[in-house]
Amino acid sequence: MCIPLPSPSCYGRPLISLSSDASATEVLKDSEEGRSVSAAAPNIKHDWYQTESHVVVTLLLRQANPDDVTVNLKETEVDVCATAPSGSYHFNLHLAHPIITKLSGYRVLPSKIEVKMRKVHGHHWESLEGEGVVPSIHSSGQETQPAYPSASGKNWDALASQLAAEEKGENSEGDVALNHLFQQIYADGNEDVRRAMNKSFVESGGTVLSTNWGEVGQEKVEVKPPDGMEWRHYEI
């Protein structure tokens with residue numbers, strides 16, 4: 001199971017706007033064609049999750065041309081223009097909390113576009129859009145563990161399984177991204193997450209990696225070989 005979270009590879013470029021000297025006829029024609037394309041083109045499905053330091057928005061658009069993808073990031077806004085074999089798309093989002101644009105970026109994969117944004121404040125986002133409320137700091141001084149996952153309702157294991165299926169066979173850099181991801185989950189997770197990862201990996205012989213201590217803490221984690229392979233124990 002994996003949740004690829006690579007470092008941002010590039011930053012957004014300015015969006016192309018209509019020139020001021022365009023004729024009224026051209027504007028009207030472009031407007032009519034734009035309405036027709038918008039009505040026919042499907043909406044871009046998106047999802048999101050977060051760590052203590054970042055928010056990641058995934059746009060599920062297949063075979064987008066990296067040269068035709070433009071991502072503009074502002075303090076509380078994300079704007080994406082992309083072209084794929086299925087058509088041209090525009091995605092705009094007003095964020096619930098501010099981000100640090102200089103420490104944010106995006107990458108284009110065969111099946112999706114990922115926008116990774118650095119939080120200004122390291123608190124948990126209750127929602128991705130709208131007017132977010134910054135949680136107050138309690139005077140007790142007790143540290144509040146980050147709540148995972150995001151408001152989408154996923155847990156780490158479920159999200160890992162889903163993204164593992166999507167990423168299978170996509171690129172040759174998957175192993176590097178996975179290792180980076182697991183290191184980040186381990187660093188950002190609480191004590192139960194770390195205990196679950198250590199126990200599941202060791203007891204399963206490196207075939208299982210779980211972040212759910214409630215599932216793996218009570219019994220031994222069995223070996224689960226990859227599909228098409230069989231586990232055999234050899235005595236020396």
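Just so you know, we're using UniProt numbering here: the sequence shown kicks off at 1 and counts up by one. Every residue gets a Cβ at the ideal spot worked out from N, C-alpha and C, and that includes glycine. Quantities reported herein were computed from a predicted structural model and do not represent experimental measurements.
Whole-angstrom distance between residue j and residue i, CA atom to CA atom
i, j, result
"Arg194", "Met117", "24 Å"
"Leu93", "Asp79", "6 Å"
"Val120", "Thr70", "23 Å"
"Gly205", "Val216", "14 Å"
"Gln63", "Gly214", "39 Å"
"Asp67", "Asn198", "41 Å"
"Gly12", "Glu77", "Confidence in Gly12 is poor, its pLDDT being 43 and thus under 50, which makes the residue's placement unreliable; the coordinate value appears in the next sentence. In a straight line, the C-alpha of Gly12 is about 12 Å away from that of Glu77."
"Ala196", "Val115", "29 Å"
"Gly122", "His54", "8 Å"
"His97", "Gln218", "39 Å"
"Ser200", "Ile99", "35 Å"
"Asn65", "Trp48", "22 Å"
Buried versus exposed, by CB contacts within 10 Å (16 or more), residue i
i, result
"Val223", "exposed"
"Gly189", "buried"
"Ser104", "buried"
"Lys220", "exposed"
"Val202", "exposed"
"Gln50", "buried"
"Val187", "One detail in the question is off: residue 187 reads as Ala in this sequence, not Val. That one is exposed."
"Gly153", "With a pLDDT of only 43 at Gly153, under 50, the local geometry of the prediction cannot be trusted, and no value is derived from it."
Cβ separation of residue i and residue j, assumed to be a contact under 8 Å, to the nearest whole Å
i, j, result
"Leu61", "Tyr89", "6 Å"
"residue 242", "Leu128", "The chain is shown from 1 up to 236; residue 242 falls before or after that span and cannot be answered."
"Glu131", "Thr101", "Not confirmed; about 20 Å, so no contact."
"Ile185", "Thr207", "No, Ile185 and Thr207 are not in contact; Cβ-Cβ is about 18 Å, not under 8 Å."
For residue i, the nearest candidate out of the options (CA to CA)
i, options, result
"Pro85", "Asn212, Val57, Ala187, Ser111", "Ser111"
"Ala82", "Thr51, Leu109, Asp47", "Leu109"
"Leu181", "His46, Val56, Lys199, Asp47", "Val56"
"Ile113", "His46, Gln184, Lys199, Val208", "His46"
"Glu52", "Gln183, Ser200, Thr211, Trp125", "Trp125"
"Gly87", "Leu209, Gln183, Ile44, Thr207", "Ile44"
"Phe91", "His54, Ile99, His97, Leu73", "Leu73"
Helix, strand or coil at residue i according to DSSP, with G and I counted as helix
i, result
"Leu60", "coil"
"Ala96", "coil"
"Asn72", "strand"
"Lys224", "coil"
"Ile44", "coil"
"Gln184", "helix"
"Ser104", "strand"
"Ser88", "strand"
"Glu131", "coil"
"Val55", "strand"
"Glu126", "coil"
"Glu77", "strand"
"Glu114", "strand"
"Ser19", "Residue placement at Ser19 cannot be trusted, given a pLDDT of 35 that sits under 50; what the coordinates show is reported in the next sentence. Coil, per DSSP."
Residue-chain proximity (residue i, chain C), Cβ-Cβ < 8 Å
i, result
"Asn198", "Absence of chain C from the displayed structure is noted, only one protein chain being present."
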